[in-house]
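Colleague:
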Amino acid sequence: MLSRSAFRAAANPTAVARRGFQSTRVSRGGHGPTAAGASPYHYPEGPRSNLPFDPLKKGFAFKFWGYAATGFFLPFGIAVWQTKKNKP
1 MLSRSAFRAA ANPTAVARRG FQSTRVSRGG HGPTAAGASP YHYPEGPRSN LPFDPLKKGF
61 AFKFWGYAAT GFFLPFGIAV WQTKKNKP
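Residue numbers (full-length UniProt numbering): 1 to 88.
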């Protein structure tokens, strides 16, 4: 089945061209088809530039592990509190 369609496409190359496959060209300097060919915004690039915090600061490790420990142990603490509280 596949060989038949490949044979037909090879025998008649204009049929493939008539399908209307098109592509748009992007100018060299831009990220899309803008008037100048370049992005109107420039964002900093490089490692850690897309993070909303600075992992190289001194208190980052303490804050990170505190956040992670709270997120991990909070459900267990809630479960213990729910089982130990006085029932009406």
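A virtual CB, placed ideally from N, CA and C, is assigned to each residue, including glycine.
Treat the numbers as computed from the prediction; the structure is a model and nothing was measured.
Output the distance between the C-alpha atoms of Gln-82 and Trp-65, rounded to the nearest integer angstrom.
Modeller: When rounded, the distance between both Cα atoms is 26 Å.
Colleague: By the three-class DSSP mapping on this structure, what secondary structure does Arg-4 have?
Modeller: Arg-4 falls in the helix class under three-state DSSP.
Colleague: Answer yes or no: do Phe-53 and Phe-60 have a C-beta to C-beta separation smaller than 8 Å?
Modeller: For Phe-53 and Phe-60, yes; Cβs fall inside 8 Å.
Colleague: From Asn-50 to Val-80, what distance separates their C-alpha atoms?
Modeller: Between Asn-50 and Val-80, the C-alpha separation is close to 39 Å.
Colleague: Reducing DSSP to helix, strand and coil, say where Lys-58 ends up.
Modeller: Lys-58: coil per DSSP, three-state reduction.
Colleague: With distances taken between CB atoms, is the gap from Pro-55 to Arg-48 smaller than 8 Å?
Modeller: Yes, the pair counts as a contact, with Cβ atoms nearer than the cut-off.
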